[in-house]
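Here's the structure we're looking at; comments come further down.
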Amino acid sequence: MLDIVIEARQASLGNGLEVRRILPFRLRRMVGPFIFMDHAGPVSVQPQQMSAMDVLPHPHIGLSTVSYLFGGQVTHRDSLGVEQIIRPGEVNWMTAGRGIAHSERFEDPAALAGGELEMIQTWVALPEADEESAPAFDNYQPQQLPIFTEKGVWMRLIAGNAYGLKNGVKTHSPLFYVHAVLEPGTRFGLPKEHSERGVYVAKGSLQVNGNRYGPGQLLVFTKGIDPVLFAHEKTTLMLLGGEPLGERFIWWNFVSSRRERIDQAKADWEAGRIALPPQDNQAFVPLPKDPFRLKGSPPPQPLS
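Right, dumping it as structure tokens:
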């Protein structure tokens, strides 16, 4: 059965970039190891406004960030000295481990012209054994990500394994992440080999069990159920999930199985112990006092 439908909420990254935030959600914090999901765009601004959209250097621990674009391009720079432009069809997979800082900048005027920029960013929690691993970064080109097509279906495997597809994207736990496009009238199913499975409708609409769902909705299904997804129109989906990792705490950009580790990360960022990107170290995002309390929400809660 359909376990829950999560409605995306509008959120601001504080730099004029508005996003639709899907995860975490108070009634369903994670889907497999995925603990965060934002959908940005389509965005269109004037060239003189571009610098205001930049995401300045900020820290992460205990997770991997996964960036995937439908349109436009973004320049990534991080503490390891990596500078990488990501374009549609590519994957930027950055594993924070014990700590990393990175920035995301919009430096190509054409990327924001005509509403071209559109991006999905997810965070994948790390297993406890890998939470303190060395930070790492990988960019994967489209030819490294297998594509499957049949009548009415196009899909690209971003990471993990699903529908008999596998690729070389380095992951730390069993998961799947798929970009799929369905033509009108197409029926489609979810991969059966994973315990937790979600379907995010990025564009178009789906019918499931007689109910219709549209853009900005994440459908999460109970284990063992094999739903039929019917596309009323051309529909773009992000399919994600995998095996649960257990309790996690999240605060700002930090994720950990231990609350005290997040407190250490706060202190490390304030003290400058997490290095800034060497090519982008003139400004950074300061540690918030407590973004949860500022919004009137309870203190950071475990994600499970």
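For the sequence shown, the UniProt record's numbering begins at 1 and goes up steadily by one.
All residues carry an ideal CB built from backbone N, CA and C; glycine is no exception.
Counterpart residues of residue i in DSSP-defined beta bridges
| i | result |
| --- | --- |
| Ser-12 | Glu-18 |
| Pro-59 | Ala-101 |
| Gly-71 | Glu-118 |
| Arg-64 | The residue asked about is misnamed: residue 64 is Ser in this sequence, not Arg. BP columns for Ser-64 point to Thr-95 and Val-124. |
| Ile-4 | Val-220 |
| Met-37 | Leu-23 and Thr-122 |
| Asp-54 | Per DSSP, none; premise fails for Asp-54. |
| Asp-78 | His-102 |
N-terminal and C-terminal residue of the alpha helix (DSSP H) that residue i is part of
| i | result |
| --- | --- |
| Ala-265 | 259-270 |
Limits of the beta strand (DSSP E) - the one that residue i falls within
| i | result |
| --- | --- |
| Tyr-140 | 136-140 |
| His-172 | Neither: His-172 is in no beta strand (DSSP E) and is coded neither H nor E. |
| Arg-28 | Segment: none, Arg-28 is in no beta strand (DSSP E) and carries neither H nor E. |
| Arg-156 | 153-162 |
| Val-82 | From DSSP, Val-82 is part of no beta strand (DSSP E); its letter is neither H nor E. |
| Pro-146 | Looking at the DSSP string, Pro-146 is not in any beta strand (DSSP E), and its letter there is neither H nor E. |
Buried/exposed call for residue i, threshold 16 Cβ in 10 Å
| i | result |
| --- | --- |
| Gly-32 | buried |
| Met-53 | buried |
| Ala-265 | buried |
| Gly-198 | buried |
| Ala-134 | exposed |
| Ser-12 | exposed |
| Pro-299 | Note that Pro-299 scores a pLDDT of 44, beneath 50, so its modelled location is shaky; the value from the coordinates is reported in the next line. With fewer than 16 other Cβ atoms within 10 Å, it is exposed. |
| Ala-27 | Sequence inspection shows Leu at residue 27; the Ala mentioned does not correspond to that position. Flag for Leu-27 reads exposed. |
| Glu-270 | exposed |
| Glu-233 | exposed |
| Gly-20 | In the sequence under discussion, the amino acid at residue 20 is Arg, which differs from the Gly named in the question. Buried. |
| Pro-160 | In the sequence as displayed, the identity of residue 160 is Gly instead of Pro. Burial call: buried. |
| Val-5 | exposed |
| Arg-248 | buried |
| Glu-7 | exposed |
| Asn-253 | buried |
| Ala-283 | exposed |
Integer-rounded CB distance, given that residue j should sit under 8 Å from residue i
| i | j | result |
| --- | --- | --- |
| Gln-279 | Glu-83 | 6 Å |
| Pro-59 | Glu-118 | 26 Å between Cβ atoms; not a contact. |
| Leu-63 | Val-255 | 4 Å |
| Leu-190 | Phe-221 | 7 Å |
| Leu-276 | Pro-57 | 5 Å |
| Thr-122 | Gly-152 | Their Cβ separation, rounded to whole angstroms, is 26 Å, which puts Thr-122 and Gly-152 out of contact at 8 Å. |
| Gly-99 | Asp-268 | 6 Å |
(message) I'd like the ranges of any beta strand (DSSP E) spanning at least 3 consecutive residues and lying wholly in the UniProt domain "Pirin C-terminal" (177-274).
(response) DSSP runs (the beta strand (DSSP E)) wholly in the UniProt domain "Pirin C-terminal" (177-274): 187-189, 196-203, 206-208, 211-213, 217-221, 228-231, 235-242, 248-251 and 254-256.
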